[in-house]
Amino acid sequence: MNPLRAIRTTVNNLLASGAGLIALAPIYLVFANALKTVTEASSMSAQPPLAPQWGNFGAVIDQGNLVTAFSNSALYSFASTILAVLLAALAAYVLARRRTRRHEIIYLLLIMGIAIPTNYVTLTKVMQLTHLIDTQIGIILVYAATQIPFDVFLIYAFVDSVPRDLDEAAFIDGCSPIRAFFSIILPMLTPVLVTCGVLNILNVWNDFLTPLYLLGNSDNWPMTLSVYNFFGQYESNWAYISADVVLTILPVILIYVVAQRWIFSGLSSGAVKG
Amino acid sequence: MNRSTEVARDTSVLPGRDLTLPGSSSRPGRYYRLRNNYPTWFAGGALLLYGVFVLLPSLLGLGFSFTDWSAYSTDLHWVGLANFATILQPNSEYVGAIENTVIFTVATIILKTVIALALAVLLTSGVRRLAYLYRALIYLPALLPMVAVGIVFKSILDPDVGLLNSTLRLVGLGGLAQQWLTNVSLALWSVIGVDTWKGVGYIMVILIAGLLAIPRDYYEVAKIDGASGWQAFRYITLPLLRPVLAVTTVLNLLYALRVFDIVYVLTNGGPGYATDTVYTAIFNAFSLGQWGVATALSTVFFIVMLALGFVALRVMRRSEVAYS
């Protein structure tokens, strides 16, 4: 074995594990401190807990009203994702199959939404006019609307890989457009729909700005808003704050472990192949 | 893929099955009931939601920007360009916020791209075993909610007991310990650092996909011709990665200009207005009930993003062509 090469391999591995360590350190820190007593955690040090305080989680769930926040986050993520993915798939399918000038314009209008920012100030006005401000259904609709552009973009590219003969065969057999879509096309789109679904769920789960503008009533707050509020209230109690943060990020980490493949394929298909 | 050649093709209109009488008439069109198999209304739901909750607020914003819309009065008056004058006053909070946003954007784009590229090269050619594990670990922060990240870094950057300063003191670099979030000239850079820590893995994953798409043969040929590792990187990797780098730059740009959560949690725009950004300034004006000013700033931002969106679209399309 070439000694120069061995040294280089070692250095490369050290660099890579160093980067991994830097990425992991803050996450380790919050997990370690979530299990400490209040005094032990007061300096948020990297030492492991002396004896794990599992009771912290119970106390935080109780005092932070986390059952409500957790179910709100789950409701917003899943409901808006199902709505967005379904509507985006319907739109992307028709727009990709019909390439007239008019359909091109509709497509471009929709995917402009990836770039243009939501005007939250006037959005509150629209929500008031439609009586949707500070309601769960309101924020679900807003989330669906903001996810649709990216979903359309991803699904549109995928529809092209589904052979047109397939839908034409269905039409010749007398399928209605709706039936052909649901029983022939939708199953073929499964990979891209799962990718969109996972990315949407994570986006909505992590979002902080939208509920900050739209939700005043704390019964409607998702985890992000509730953990921020908890942080303000228990400013020096780092054990409880850490436990609350852990409960906020744990679902994300679980989804990541389970759905890694779909997340990575979404990232690279959106960027590398177009 | 060249879309423009396909614009004219529209095979969506096929004859319906029920009235097929082929060849039975000299004017077959009369007996065919044309059925549209790809009805445009399929796009209706998506367009409706997007129209009401994304486009409509932006269009309303254009109008409300010219009014004294506020929390303190129920009637609206036309005030012309007064809101824009407030925003663009020299030394106003808003000009500072725009400057900070530009600094944040340029700095995070450069930092994330350079670090992500180095890591991507390392994980695709420097490290073989465990490369998947490293990729998964380095990407993890990108998925976490920014609020949670902000709270954790608020403790790490604490000047007295925070992990960063105590580690610096531990290794004898106590002189480098800083008031990371309260020093006026440092706070913005601390925010940039945290954002880079969180976002670099996302860019890295995309660049890895780009690197893996470059055919291995190119490097083998270069090696036979006696090219050094740096030459191979400079003359093969970089040029072939350019379309992907264009995409990551666009993604970074669109994200960075909207930065809010991390600033709101770490510094809330402070100390003073040292880390105020466009989005925190809009939120502040909104919270203070100055809805007209908040809308005017949102509208300026909307127009900038719309323009950048068109540029981005061209860049993305060109890179698609370059890659196929």
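If you read the sequences in order, they're chains A and B.
Counting with the numbering used here, you get residues 4 to 277 for the letters of the first sequence.
Counting with the numbering used here, you get residues 1040 to 1363 for the letters of the second sequence.
Just so it is clear, CB atoms sit at the ideal spot from N, CA and C, and this is done for glycine as well.
Quick one: is residue i near chain B, going by C-beta distance under 8 Å?
i               : result
L205 of chain A : yes
Y96 of chain A  : yes
P152 of chain A : yes
K39 of chain A  : no
P29 of chain A  : yes
P180 of chain A : yes
Q263 of chain A : yes
R100 of chain A : yes
Are any of the Cβ atoms in chain A nearer than 8 Å to that of residue i?
i                : result
D1300 of chain B : yes
P1184 of chain B : yes
V1200 of chain B : yes
I1142 of chain B : no
I1245 of chain B : yes
F1103 of chain B : yes
G1348 of chain B : yes
V1354 of chain B : no
L1180 of chain B : Residue 1180 of chain B is actually Pro in this sequence, not Leu. At least one chain A Cβ lies under 8 Å of P1180 of chain B.
N1122 of chain B : no
N1076 of chain B : yes
L1293 of chain B : yes
F1092 of chain B : yes
L1305 of chain B : no
L1227 of chain B : no
A1216 of chain B : no
K1151 of chain B : no
Y1258 of chain B : no
Y1312 of chain B : no
P1278 of chain B : no
Can you find the residues in the same chain that come closer than 6 Å, C-beta to C-beta, to residue i, ignoring five residues on each side of it along the sequence?
i                : result
Y1241 of chain B : A1181
T227 of chain A  : F211
R1069 of chain B : Unreliable positioning characterises R1069 of chain B in this predicted model, as indicated by a pLDDT of 41, which lies under 50. The coordinate reading is nonetheless provided below. So no residue of the chain qualifies.
Express the C-alpha separation of residue j and residue i in angstroms, rounding to a whole number.
i                : j                : result
S1229 of chain B : A172 of chain A  : 59 Å
A82 of chain A   : L1277 of chain B : 42 Å
D137 of chain A  : A99 of chain A   : 36 Å
L1115 of chain B : G1249 of chain B : 53 Å
L202 of chain A  : I119 of chain A  : 19 Å
T125 of chain A  : N1130 of chain B : 26 Å
L291 of chain A  : L90 of chain A   : With chain A covering 4 to 277 only, the question about residue 291 of chain A has no answer from this structure.
R1255 of chain B : M1243 of chain B : 20 Å
Y1257 of chain B : P6 of chain A    : 27 Å
L1098 of chain B : I85 of chain A   : 27 Å
L1169 of chain B : C199 of chain A  : 28 Å
I140 of chain A  : Y1133 of chain B : 34 Å
W241 of chain A  : T1314 of chain B : 25 Å
F1349 of chain B : Y110 of chain A  : 14 Å
T1235 of chain B : G1311 of chain B : 23 Å
Y1274 of chain B : G1265 of chain B : 13 Å
L1280 of chain B : S1109 of chain B : 49 Å
T1206 of chain B : A49 of chain A   : 10 Å
I244 of chain A  : F1325 of chain B : 28 Å
A1082 of chain B : T127 of chain A  : 25 Å
Q56 of chain A   : D247 of chain A  : 13 Å
T1106 of chain B : Y1171 of chain B : 55 Å
W224 of chain A  : L78 of chain A   : 11 Å
A1261 of chain B : A1252 of chain B : 17 Å
V1286 of chain B : V1239 of chain B : 14 Å
Q131 of chain A  : A1159 of chain B : 47 Å
A72 of chain A   : P1184 of chain B : 15 Å
P1282 of chain B : L1246 of chain B : 10 Å
Leaving out the 5 sequence neighbours to the left and right, which residues in its chain are closer than 7 Å to residue i when beta-carbon positions are compared?
i                : result
R1066 of chain B : A caution first: R1066 of chain B carries a pLDDT of 45, below 50, which makes its placement in the model unreliable, though a value can still be read off. Answer for R1066 of chain B: no residue qualifies.
F34 of chain A   : V249
T149 of chain A  : T121
A1295 of chain B : F1143, T1144, T1147, I1148
Q263 of chain A  : none
L205 of chain A  : V255, I258
A95 of chain A   : V155, I158, Y159, V162
V195 of chain A  : L157, I158, F161
I1195 of chain B : G1201, L1202, L1203
Only counting the same chain, and skipping five residues up and downstream in sequence, which positions put a Cβ closer than 8 Å to that of residue i?
i                : result
P1096 of chain B : none
L93 of chain A   : F184
Output the residue ranges of the alpha helix (DSSP H) runs that lie fully inside the region 1083–1122 of chain B and measure 4 residues or longer, sorted by chain position. 1083–1089, 1095–1103
For the region 99–150 of chain A, list the alpha helix (DSSP H) runs that are entirely contained and at least 4 residues long, ordered along the chain. 104–114, 123–132
Which parts of the region 195–239 of chain A are runs of the alpha helix (DSSP H), unbroken and 4 residues or longer, counting only runs that do not cross its ends? 212–217, 226–236
Runs of alpha helix (DSSP H) lying entirely within the region 31–75 of chain A, each at least 4 residues, in chain order: 58–66
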